[in-house]
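A short worksheet on the structure shown next.
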Amino acid sequence: MSKALIAAIEAGGTKFNCSVGTGPGDLRSSARIPTTTPAETLRGVVAFFEQAVQEHGPFAAMGVGSFGPIDLRAGSSTYGFITTTPKPGWTNADLLGPLRERFGVPMGFDTDVNAAALGEHLWGAGQGMDSLVYITIGTGIGGGALVDGKLVHGMLHPEMGHLLVPLPATNAQHPLGTCPFHENCLEGYICGPAIEKRWGAPAGTFAEDHECWDEFASILASGLVNLITVLSPQRIILGGGVMHQAHLFPKIHREVLRQLNGYLQTDELLRHVAEYIVPPGLGDEAGILGALALGALAAK
Ligand code: ADP
Ligand code: ZN
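Set out below in structure tokens:
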């Protein structure tokens, strides 16, 4: 991994976090630019990095971890575009083009959650793990995966927020969730806004013993069991605003083991589950450091 100066962008639906630096502990300047129209947002991003070059010198590459869906297909005419997002103004928006044109450096580009998975692998809770899953539970739910040391792509890229999960046994009358596409996907049931819709108040306001958290753990565990059985990750990292509720971790551990029902007899699950499903080592910097890591790989 080079120690060159890298420009990093965590492109989100509400804000673009921008920074320049070389890695953890060395983010030299940062800005949060509100996500408005693509043109206005990218103008703000370009202005920040122009200023950063003045202050810190040129950067060797740029890494962008973005909300999606995005086009990651090498050679595609819309590579680097945001594609079918319902976010107004951003459907088929060229995110990478204007940045490449302005700065002319190698670009690393991936989903925000794949970026975070990479950052955690290099510097955070996934060090030494060649196969891991990173999931964020916030305004939406997204997941990235590293398998055999490589970020998982494919036809498009993973969309783990839309894993279909069973109705929780606690409530056969579960009202519809928040996903406009699916009645019973993970995001639709347990992203921050879904918790608020289901229980009538923001997720951060509920006491640790509120029944919403048992239901949350049960639904999330169903998604995790599916991921464990498909990818067999060596570690699962859970980030995002809702996972600031640290008391959820033991509940999730218990529920994953209960739903697996003894089928997988590994040390990770049976003896060390508290080190198997963990919070991000990079905390809320997983996204921006992940973007930086994408840039650093592109700089090689
Ligand atoms: P985003 O997903 O937009 O990047 P966050 O990861 O911060 O941002 O997620 C925001 C969501 O997380 C909101 O729905 C909010 O209600 C919820 N949230 C934020 N902090 C907490 C908390 N401490 N406990 C539970 N939910 C929280
Ligand atoms: Zn869905």
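If you read the sequence shown in our numbering, its first letter stands for residue 63, the second for the next number, and so on. Here a beta-carbon is modelled for each residue, glycine too, at the ideal position from N, C-alpha and C. Being a predicted model, the structure only gives us computed values, none of them experimental.
Whole-number beta carbon distance between residue j and residue i, since they are thought to touch under 8 Å
{"i": "L184", "j": "L194", "result": "11 Å between Cβ atoms; not a contact."}
{"i": "V441", "j": "G302", "result": "Since the first and last residues shown for the chain are 63 and 362, residue 441 lies out of range."}
{"i": "G186", "j": "A348", "result": "6 Å"}
{"i": "G218", "j": "P131", "result": "One detail in the question is off: residue 218 reads as Leu in this sequence, not Gly. 6 Å between Cβ atoms; contact."}
{"i": "G188", "j": "I299", "result": "6 Å"}
{"i": "V304", "j": "A336", "result": "At roughly 19 Å, the Cβ-Cβ gap does not stay under 8 Å, so V304 and A336 are not in contact."}
Cβ-heavy atom distance, residue i to ligand 1, below 8 Å
{"i": "E258", "result": "yes"}
{"i": "G360", "result": "In the sequence under discussion, the amino acid at residue 360 is Ala, which differs from the Gly named in the question. No."}
{"i": "I199", "result": "yes"}
{"i": "T76", "result": "yes"}
{"i": "A177", "result": "no"}
{"i": "P100", "result": "no"}
{"i": "V304", "result": "yes"}
{"i": "A122", "result": "no"}
{"i": "P264", "result": "yes"}
{"i": "P341", "result": "no"}
{"i": "P242", "result": "no"}
{"i": "G202", "result": "yes"}
{"i": "P255", "result": "yes"}
{"i": "Q307", "result": "yes"}
DSSP three-state assignment for residue i, whether helix, strand or coil
{"i": "K212", "result": "strand"}
{"i": "P96", "result": "strand"}
{"i": "F121", "result": "coil"}
{"i": "L282", "result": "helix"}
{"i": "N246", "result": "coil"}
{"i": "G105", "result": "The sequence given here has Arg at residue 105, not Gly. Here R105 sits in helix by DSSP."}
{"i": "N176", "result": "helix"}
{"i": "E273", "result": "helix"}
{"i": "A360", "result": "helix"}
{"i": "D88", "result": "strand"}
{"i": "F111", "result": "helix"}
{"i": "M222", "result": "helix"}
{"i": "K77", "result": "strand"}
heavy atom of ligand 2 below 8 Å from residue i C-beta
{"i": "E72", "result": "no"}
{"i": "H183", "result": "no"}
{"i": "Q249", "result": "The residue asked about is misnamed: residue 249 is Glu in this sequence, not Gln. Under cutoff, so the answer is yes."}
{"i": "C274", "result": "no"}
{"i": "C80", "result": "no"}
{"i": "H219", "result": "no"}
{"i": "F129", "result": "no"}
{"i": "G223", "result": "yes"}
Cβ-based burial, residue i [other Cβ within 10 Å; buried from 16]
{"i": "S224", "result": "Going by the sequence as given, residue 224 is His instead of Ser. Buried, because 16 or more other Cβ atoms sit within 10 Å of the Cβ of H224."}
{"i": "R260", "result": "buried"}
{"i": "Y196", "result": "buried"}
{"i": "L180", "result": "buried"}
{"i": "R297", "result": "buried"}
{"i": "Y325", "result": "exposed"}
{"i": "S81", "result": "buried"}
{"i": "H334", "result": "exposed"}
{"i": "V292", "result": "exposed"}
{"i": "M124", "result": "buried"}
{"i": "P312", "result": "exposed"}
{"i": "F111", "result": "buried"}
{"i": "A364", "result": "This structure cannot settle anything about residue 364, because the visible part of the chain is limited to 63 through 362."}
{"i": "P295", "result": "buried"}
{"i": "S138", "result": "exposed"}
{"i": "E182", "result": "buried"}
Cutoff 9 Å: residue i Cβ touching any chain B Cβ
{"i": "A66", "result": "Absence of chain B from the displayed structure is noted, only one protein chain being present."}
Review point. Counting pairs of Cβ atoms below 8 Å between the region 92-106 and the region 115-128, do you hit three or more?
Key: The answer is no - the region 115-128 does not touch the region 92-106, with fewer than three Cβ pairs under 8 Å.
Exercise for review: Determine contact between the region 70-77 and the region 342-353, defined as no fewer than three beta-carbon pairs at a distance below 8 Å.
Suggested key: The way I'd put it, the region 70-77 does touch the region 342-353; three or more beta-carbon pairs between them come closer than 8 Å.
Practice item. Taking 8 Å as the threshold, find out whether the region 263-273 comes into contact with the region 165-172 through three or more Cβ pairs. Key: Verdict: no, contact absent.
**Study point:** Stretch pair the region 306-320 + the region 212-224: three plus CB contacts closer than 8 Å
**Key:** The region 306-320 is not in contact with the region 212-224.
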